[in-house]
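Written below as structure tokens is the structure these notes are about.
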Amino acid sequence: MPKASKTTTPISTLSQEQEAATPSRKPARSMIEIPREVLARISQGLEPTMTLVEILAADFNVLLASVCSKTSKAFPKLFTREDGEPMGVVERMKVSGKALHEVHGRKGILTFASHPSDIVRGWASYMIGHIPDLEIQEYLRHIRPFADDPHSGVREWAWMAIRPHIAHQLLPAILSLEPWTRESSPFLRRFAIESTRPRGVWCQHISALREEPEIALPLLENVSQDPTKYVQDSCANWLNDASKSRPNWVRTLCASWSTSPNAATQRICTRAMRTLHKANPLKSSSKASSQSGSRTSSERTGAIKGKPKSPQSSKSQASSKSSVSSKPPSQMRTPASNKLAEKTSQKGKAARKVPTRPVGKNTK
Numbered sequence: 507m508p509k510a511s512k513t514t515t516p517i518s519t520l521s522q523e524q525e526a527a528t529p530s531r532k533p534a535r536s537m538i539e540i541p542r543e544v545l546a547r548i549s550q551g552l553e554p555t556m557t558l559v560e561i562l563a564a565d566f567n568v569l570l571a572s573v574c575s576k577t578s579k580a581f582p583k584l585f586t587r588e589d590g591e592p593m594g595v596v597e598r599m600k601v602s603g604k605a606l607h608e609v610h611g612r613k614g615i616l617t618f619a620s621h622p623s624d625i626v627r628g629w630a631s632y633m634i635g636h637i638p639d640l641e642i643q644e645y646l647r648h649i650r651p652f653a654d655d656p657h658s659g660v661r662e663w664a665w666m667a668i669r670p671h672i673a674h675q676l677l678p679a680i681l682s683l684e685p686w687t688r689e690s691s692p693f694l695r696r697f698a699i700e701s702t703r704p705r706g707v708w709c710q711h712i713s714a715l716r717e718e719p720e721i722a723l724p725l726l727e728n729v730s731q732d733p734t735k736y737v738q739d740s741c742a743n744w745l746n747d748a749s750k751s752r753p754n755w756v757r758t759l760c761a762s763w764s765t766s767p768n769a770a771t772q773r774i775c776t777r778a779m780r781t782l783h784k785a786n787p788l789k790s791s792s793k794a795s796s797q798s799g800s801r802t803s804s805e806r807t808g809a810i811k812g813k814p815k816s817p818q819s820s821k822s823q824a825s826s827k828s829s830v831s832s833k834p835p836s837q838m839r840t841p842a843s844n845k846l847a848e849k850t851s852q853k854g855k856a857a858r859k860v861p862t863r864p865v866g867k868n869t870k
């Protein structure tokens, strides 16, 4: 079992100067749009990034040497894989946090927590993730300032940094995150949802939530009418994740929520069902039905009240087709055949029977 932390004081705080450090320039949407001098300042830790493209373009070797030459010298090939393949940005963030933690220890986190560079503050988040043997409440306490950081990039690194601990201590984590969904800060409310997504982005899945998403209902219910789109999108993405393994559960929950006239709830449900809406209706219903039959007792006994409507059985579909195709061909003529019969009748000739294919009957 993880050991309790000896301190309850949050590790990080962000200064007022740091909150106002947003550069007044045009954000770069592609590598070629980044001015050379801007990229140099980002790589030296003198200026924060404004887009993911700028984060990807930053030279982590230069940045680490500028921020902490001691760590850079201790790990000269930190960002080089043994197989020679380039590291992705998430892996670079992880190894940076680990190296800084090994050199500076837990006390060094405060040094980088208020750095002007958002990337460096992201490293500090990963330093917290590398602290061993904490209870989840302590991880959340220390990551909280990063989860509420004014820079969106830092907020993303924050939940990624401690997501493995959330997955490992899932039930206590959900209990501890529930109050976050009632915070005044939309950043904290969103963190509680984004950090527990069953699938998520750039992270490992949480298998327990893929199989039993109802475990996180205390979090989801609290943000089902959230007024902020930033939180709404996270909630909708959470449910969209769940729909890929538990489609009927998501259908039932959204059906329950949709009875509310709240515009935020309606928006969440629409976005949550996007994958199910794209799927073939008959195929989706068939899969959902088979999955529903093998679900846990917690769902069947009412984790969400009300049972989803079962799709039309193949037997009823067959009888429906039979009732259509049982009519004689003479009563099922196409418009073209009826027109032809009318013309021949007007000429005083006997109406010719035109063979037609019965509606709904497939030929082999």
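Residues 507 to 870, numbered by our numbering, are exactly what the sequence shown covers, in order.
Even glycine gets a Cβ: it sits at the ideal position worked out from N, Cα and C.
Ordered along the chain, which non-local residues of its own chain (more than five positions away) have a Cβ less than 6 Å from that of serine 631? In its chain, beyond the 5 residues on either side, Phe652, Trp663, Ala664, Ala667 have a beta carbon closer than 6 Å to the beta carbon of serine 631.
If you run the structure through DSSP and keep just helix, strand and coil, what is threonine 734? Looking at threonine 734 - three-state DSSP - the assignment turns out to be coil, as it is neither helix nor strand.
Could you give the distance in angstroms between the alpha-carbon of proline 529 and the alpha-carbon of valine 544? Distance between the alpha carbons of proline 529 and valine 544: 10 Å.
Are glutamate 720 and tryptophan 755 touching if we call contact CB-CB under 8 Å? Yes. Within cutoff.
Status (buried if at least 16 other CB within 10 Å, exposed otherwise) for glutamine 710: Classification of glutamine 710: exposed, given that the 10 Å Cβ count is below 16.
For glutamine 818, which of helix, strand or coil comes out of DSSP? Only weak support is given to the placement of glutamine 818: the predicted model assigns it a pLDDT of 45, under 50, and the value that follows is read from those uncertain coordinates. In this structure, glutamine 818 counts as coil in the three-state DSSP scheme.
Under three-state DSSP, which class holds glutamate 539? It is helical.
What are the start and end residues of the alpha helix (DSSP H) that includes methionine 599? It spans 595 to 610 - the alpha helix (DSSP H) in which methionine 599 sits, taken as one unbroken run.
Count the other CB atoms, across all protein chains shown, that sit within 10 Å of the CB of methionine 599; report buried if there are 16 or more and exposed otherwise. Under this definition methionine 599 is a buried residue.
Can you find at least 3 beta carbon pairs, one from the region 573 to 584 and one from the region 686 to 701, that sit closer than 8 Å? The region 573 to 584 is not in contact with the region 686 to 701.
Using the C-alpha atoms, what's the distance from serine 762 back to valine 626? The alpha-carbon atoms of valine 626 and serine 762 are separated by roughly 43 Å.
Taking the alpha-carbon positions, what's the arginine 661 to lysine 784 distance? Going by the C-alpha atoms only, they are around 31 Å apart.
For aspartate 624, does the count of other Cβ atoms within 10 angstroms reach 16, so buried, or fall short, so exposed? Result: buried.
Exposed or buried, methionine 556, counting other C-beta atoms within 10 Å across all chains shown (16 or more means buried)? Buried, because 16 or more other Cβ atoms sit within 10 Å of the Cβ of methionine 556.
Is the distance from the Cβ of phenylalanine 581 to the Cβ of phenylalanine 566 below 8 Å? No. Outside cutoff.
Given a threshold of 16 other Cβ atoms within 10 Å of its Cβ, counted over all protein chains shown, does histidine 674 qualify as buried or as exposed? Counting Cβ neighbours within 10 Å, histidine 674 comes out exposed, since fewer than 16 surround it.
What's the call for serine 629, buried or exposed, on a 16-neighbour Cβ count within 10 Å? Per the sequence shown, residue 629 should be read as tryptophan rather than serine. Result: buried.
Once DSSP output is grouped into helix, strand and coil, what is the label at lysine 532? Correct three-state label for lysine 532: coil.
Using a Cβ-Cβ cutoff of less than 8 Å, which residues in the same chain neighbour leucine 782 once the five nearest sequence positions on both sides are dropped? These residues qualify, in order along the chain: Ser749, Pro753, Val756, Arg757, Ser790.
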